[in-house]
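Under my numbering, the first residue of the sequence shown carries the number 2, and numbering increases by one thereafter. Cβ atoms here follow ideal geometry from the backbone N, Cα and C, with glycine treated the same way. A quick note: this is a predicted structure, and the numbers were derived from the prediction, not measured. Only one structure is covered here, and it is reproduced in the block below.
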Amino acid sequence: MGQILLREGLVVVARGHVATVNKCLPNLTIEVVLKKSSEKLVVDIDEIEHLPSRDEDNINLLQVESLSSESVVPLEELQAAQTQFDLVKRYLAKELNLTQALEQAGVSNGTFYRNIKFYDEEIGPASLLRMKRGNKKGSRRLIKDVDDVIKQAIKEAYIGKSATIAAVFRKAEELSIRLGLKPPSRSAISARLKDIPEKERHLRKHGHEATSQKYAARPGKKEIHLPLEWVQMDHTRVDLILVDQITRRPIGRPWLTVLIDVKTRVILGYYLSLYPPSSLSVACAVAHAALPKNQFLKRLGVSAGLHPYYGVPKLLHMDNASEFKTVKFQRACVLHKIGLKWRPIGAKHYGGHVERLIGTLMTDYVHFLPGTTHSNPVSRRGYDSEKNSALTFKEFCQWFAGQVAIYHGRKHKGLGRSPAAEWKSHFVDSENNVTHPPIISDPWTFRLDFMPEMSRKIHPQGVTLNGKWYWSPGLTPHIGKERVVIKYDPHSMATIWARLDGGYIPLYFSDVTTSDFAYEEHRALLKFRRKEGVTPDGALEDHALIDLIQKNEQIVKGAVTKTKRARKIIAAKFEHETSTWIADETISATAPDRSDEEIKKPDYSKKATPYSRRS
């Protein structure tokens, strides 16, 4: 899959019709000429569905130029992945036995079985690229609650000249007891302190001046020449309390995942959520950055031309958070030639552009909203954030989209002009006509690769997700199938996709009256219900009935006990009578005859049959 330059004469499919590009227009629009009718249309850039090599009549179209990109992984690794992929493919096709495959692969049994596990015919050799997973050597694992306690204890107690392991231990012990947890050991605390970079520990203990004197060196300035060459990504918790859309009561602070183009300072993409950063946040933010946003803005209910910035980053720069290093995310980036770079642990200045952007968004914009928490308790003193909170999640999303546009229009100190003006200066031709960044040749597949996924069972009613049933006639042959992969677009849950028969089929709401909704809006409602103590479906609302539930359980248990006892007595009596009859027969031949049917022991293993009265 490549990227395509939008140029005059390029053949595209726009609104379902083969057309040629006539010219690029502002606000991510394009003038196209329909092939059959020669009619001119102005369409949004994200209305172009795909770029075919042959037309409706199977006639070769204009040659499409794909942009070449430098490999995002070393050539040796790509070649090694190709070799291992071919060997696994031959082994699974039974062209090689295990001994032959291992001999040719030159790897251990464990590595070869791992390659089999991650082998994916559709992804190709990229599925076997070596990606580090699991805990690093020397890493430690603790229960999350205990780990959080240690982090909080370090934050509160490891400050100033008195910053010692003993001080942190005492604080961790106090916090653990308050939470009803077992206090962590000194060795666990010591290990966590060692995980903190030396420079940061020195700063906590000795202050800024002493730290600056000891760690004065700084790397040289990174030379960046074009947009999309270097894009930074990071998360932050927004300094604002939101309310639910039903009762307008506080539900908590949202999270922001944002990507900034370092050359132009443009906010290339973002993702808002009420939950902490995850692989979902990361994937959605990258997809939002890479693709045109007109349709996204229309669904949000704001002007489609507010955010005319998009493009696939050549290099994505992030910190070392786990959500940036998931195997699925790395694979998707490899597939689409997105280079990945992680900044050194503790070296926050390496991500200075995105850090400053986040600071600007908070201090210049968010801190003036009702319900702001400000940046610290001192600046918040005397202000009741929860009492003043007013915006719902959806309203905040609408506000944020508009505020991003305002940020783009303001003069940037580091640029000497606005980010919007800087971006536009790079997308004009020699005659000063508007151009657009390259578009992805298959945007549908790109979105699909970055979409979050879940496993679901196919029921006779369809597939259930977020409490909604989805159906398509294509599911019929697969009813009962376990662990089917489901993909979904968090911005629009009206359609989801199931991976079946080597491809994806769309599924729609079974109830056609159901309105479309965003995934985060759904999660906001769930968060409100939990916060308010709303009883879930099927739960007991009248707690006074607990005693009755227990009484009913005792009735059933008592009945079972009585029945077992009675059946044992009857069985024992019957066995005694049967043995007496047998003894009498051996003594006297004149004993009355009893048929086998008469003395046969009842079979209690059989199910009881309903009584039927004879007519």
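**Item:** Inter-residue Cα distance where the pair is T562 and N553
**Value:** To locate residue 562, count along the sequence shown from 1; it is residue 561. To locate residue 553, count along the sequence shown from 1; it is residue 552. Cα to Cα, the separation comes out at about 14 Å.
**Prompt:** So what's K36 in DSSP terms, helix, strand or just coil?
**Reply:** Here residue 36 is taken as the residue at index 35 of the sequence shown, counted from 1. In the structure shown, K36 sits in coil (DSSP, three-state: anything other than H, G, I, E or B).
**Request:** Excluding the 5 residues preceding and the 5 following A102 in the sequence, name in chain order all residues of the same chain whose CB lies nearer than 8 Å to its CB.
**Result:** In the sequence shown, the residue the question calls residue 102 occupies position 101. Counting only Cβ-Cβ distances below 8 Å, and skipping sequence neighbours, we find L88, V89, R91, Y92 and F113.
**Item:** Reduced DSSP secondary structure (H/G/I, E/B, other) of S456
**Value:** One-based indexing of the sequence shown puts residue 456 at position 455. Here DSSP, grouped into helix, strand and coil, assigns S456 to strand.
**Asked** By Cβ distance below 6 Å, which residues in the same chain neighbour Q64 in space, the five residues on each side in sequence not counted?
**Response** Reading the sequence shown from its first residue, position 63 is the one you call residue 64. Only weak support exists for where Q64 lies, its pLDDT of 35 falling under 50; the value from the coordinates is given anyway. Counting only Cβ-Cβ distances below 6 Å, and skipping sequence neighbours, we find nothing.
**Request:** Could you tell me the distance, in whole angstroms, from the CA atom of G481 to the CA atom of Q462?
**Result:** Position 480 of the sequence shown, counted from the first residue, corresponds to residue 481. Position 461 of the sequence shown, counted from the first residue, corresponds to residue 462. Each residue's alpha carbon lies about 10 Å from the other.
**Message:** Quick check for students: name the residue ranges of the alpha helix (DSSP H) that lie wholly in the segment 71 to 120, counting only runs of 4 or more.
**Reply:** 76 to 93, 99 to 106 and 110 to 119
**Message:** Could you check whether the Cβ of E201 sits closer than 7 Å to any heavy atom belonging to the ligand PLP?
**Reply:** The ligand PLP is not part of this structure, which contains no ligands at all.
**Prompt:** In terms of DSSP beta bridges, what is P363 paired with?
**Reply:** Position 362 of the sequence shown, counted from the first residue, corresponds to residue 363. In the sequence on display, residue 363 carries Met and not Pro. Beta-bridge pairing links M363 to no other residue.
**Request:** Identify whether R322 lies in helix, strand or coil by the three-state DSSP scheme.
**Result:** As a working note, residue 322 is residue 321 in the sequence shown. The amino acid at residue 322 is misidentified as Arg; the sequence shows Ala. Judged by DSSP in its simplified three-state form, A322 adopts coil rather than helix or strand.
**Asked** Are the segment 328 to 346 and the segment 248 to 263 touching by the rule of at least three beta carbon pairs closer than 8 Å?
**Response** no
**Asked** Can you tell which of T446, Y366 and T265 has the C-alpha that lies nearest to the C-alpha of L416?
**Response** One-based indexing of the sequence shown puts residue 416 at position 415. L416 has its Cα closest to that of T265, out of T446, Y366 and T265.
**Request:** Pick helix, strand or coil for D262, following the three-state DSSP scheme.
**Result:** If you number the sequence shown from 1, residue 262 lands on position 261. In the structure shown, the three-state DSSP call for D262 is strand.
**Asked** Can you list, in chain order, the residues of its chain whose CB lies under 7 Å from that of I160, leaving out five sequence neighbours each side?
**Response** Residue 160 sits at position 159 when you count from the first residue of the sequence shown. Only R205 meet the Cβ criterion.
**Message:** Using only the alpha-carbon positions, how far apart do E224 and V33 sit?
**Reply:** The residue given as residue 224 occupies position 223 in the sequence shown. The residue given as residue 33 occupies position 32 in the sequence shown. Near 37 Å, if we compare the C-alpha coordinates of V33 and E224.
**Item:** Minimum C-alpha distance to I178 - residue among V147, M452 and H207
**Value:** The count along the sequence shown starts at 1 and reaches residue 178 at position 177. Answer by Cα proximity: V147.
**Message:** So, at 8 Å on beta carbons, what are the nonlocal neighbours of E423 in its own chain, with the 5 sequence-adjacent residues on each side left out?
**Reply:** Start at 1 with the first residue of the sequence shown, and residue 423 comes out as number 422. So the list reads K264, T265, R266, V267, H413 and L416, once near-sequence residues are dropped.
**Asked** In terms of residues, what are the limits of the beta strand (DSSP E) holding F397?
**Response** In the sequence shown, the residue the question calls residue 397 occupies position 396. Where F397 is concerned, there is no enclosing beta strand (DSSP E), although the alpha helix (DSSP H) it sits in stretches over F394 to G410.
**Request:** Report yes if the CB atom of R8 is closer than 8 Å to the CB atom of E48, and no otherwise.
**Result:** Translated into the one-based positions of the sequence shown, residue 8 becomes position 7. Translated into the one-based positions of the sequence shown, residue 48 becomes position 47. The Cβ atoms of R8 and E48 do not sit closer than 8 Å to each other.
**Message:** Given this structure, state the Cα-to-Cα distance separating K326 from R187, to the nearest angstrom.
**Reply:** The residue you call residue 326 lines up with position 325 of the sequence shown. The residue you call residue 187 lines up with position 186 of the sequence shown. Between K326 and R187, the C-alpha separation is close to 30 Å.
**Request:** Give me the Cβ distance between H492 and A519, rounded to the nearest whole Å; I'm assuming they're in contact under 8 Å.
**Result:** In the sequence shown, residue 492 corresponds to position 491, counting from 1. In the sequence shown, residue 519 corresponds to position 518, counting from 1. That pair is a contact at about 6 Å.
**Message:** DSSP has Q296 in a bridge; who is on the other side?
**Reply:** On the sequence shown, position 295 is the one that residue 296 refers to. In the DSSP output, where bridge partners are listed per residue, Q296 has none listed.
**Contact check, T258 vs V283, beta carbons under 8 Å** = Indexing the sequence shown from 1 puts residue 258 at position 257. Indexing the sequence shown from 1 puts residue 283 at position 282. Yes. Within cutoff.
**Rounded straight-line distance, which links the Cα of Y384 to that of V328** = Locating residue 328 in the sequence shown gives position 327, where the first residue counts as 1. Locating residue 384 in the sequence shown gives position 383, where the first residue counts as 1. Note on geometry: alpha-carbon atoms of V328 and Y384 lie some 44 Å from one another.
**Asked** If you draw a straight line from the C-alpha of S620 to the C-alpha of K183, how long is it?
**Response** Absent from the structure is residue 620, since the part of the chain shown begins at 2 and ends at 616.
**Request:** Please determine, among L42, Q4, N28 and T30, the residue with the shortest C-alpha to C-alpha distance to A20.
**Result:** Numbered from its first residue, the sequence shown carries residue 20 at position 19. Of the listed residues, the one whose Cα sits closest to A20 is L42.
**Asked** Ends of the alpha helix (DSSP H) at S386?
**Response** Within the sequence shown, numbered from 1, the residue matching residue 386 stands at position 385. Residues S386 to N389.
**Item:** Simplified DSSP state of T564, which is helix, strand or coil
**Value:** In the sequence shown, the residue the question calls residue 564 occupies position 563. Residue state, collapsed to three classes: helix.
**Asked** Do the CB positions of Y311 and K299 come within less than 8 Å of each other?
**Response** As a working mapping, residue 311 is identified with position 310 in the sequence shown. As a working mapping, residue 299 is identified with position 298 in the sequence shown. No. Outside cutoff.
**Message:** Among I5, A167, D430 and A291, whose alpha-carbon lies nearest the alpha-carbon of R448?
**Reply:** Walking along the sequence shown from the start, residue 448 turns up at place 447. Comparing Cα-Cα distances from R448 to each of I5, A167, D430 and A291, the minimum goes to A291.
**Request:** Measure the Cβ-Cβ separation of I506 and A495 and say whether it is below 8 Å.
**Result:** What you label residue 506 is simply residue 505 of the sequence shown in a count that begins at 1. What you label residue 495 is simply residue 494 of the sequence shown in a count that begins at 1. Contact flag unset, no.
**Expected contact under 8 Å - CB spacing of T393 and D240 to nearest Å** = Taking the sequence shown and counting its residues from 1, one reaches residue 393 at position 392. Taking the sequence shown and counting its residues from 1, one reaches residue 240 at position 239. Going by Cβ atoms, the distance from T393 to D240 rounds to 17 Å, so no, they are not a contact pair.
**Prompt:** What's the C-alpha gap between P474 and G181?
**Reply:** On the sequence shown, residue 474 is found 473 positions in, with the first residue counted as 1. On the sequence shown, residue 181 is found 180 positions in, with the first residue counted as 1. Their Cα atoms are separated by approximately 52 Å.
**Message:** Using C-beta distances below 7 Å, list every residue in its chain close to S390, excluding the 5 sequence neighbours before and after it, in chain order.
**Reply:** Here residue 390 refers to the residue found at position 389 of the sequence shown. Cβ within range, chain order: I242, L243, V244, P251, P371 and G372.
**Asked** Where does G618 sit, in a helix, a strand or coil, going by DSSP?
**Response** Lying before the first or after the last residue shown, residue 618 is absent from the chain, which here runs from 2 to 616.
**Request:** Indicate whether N110 and G306 have their beta-carbon atoms separated by less than 8 Å.
**Result:** Within the sequence shown, numbered from 1, the residue matching residue 110 stands at position 109. Within the sequence shown, numbered from 1, the residue matching residue 306 stands at position 305. Judged by their CB atoms, N110 and G306 are not nearer to each other than the 8 Å cut-off.
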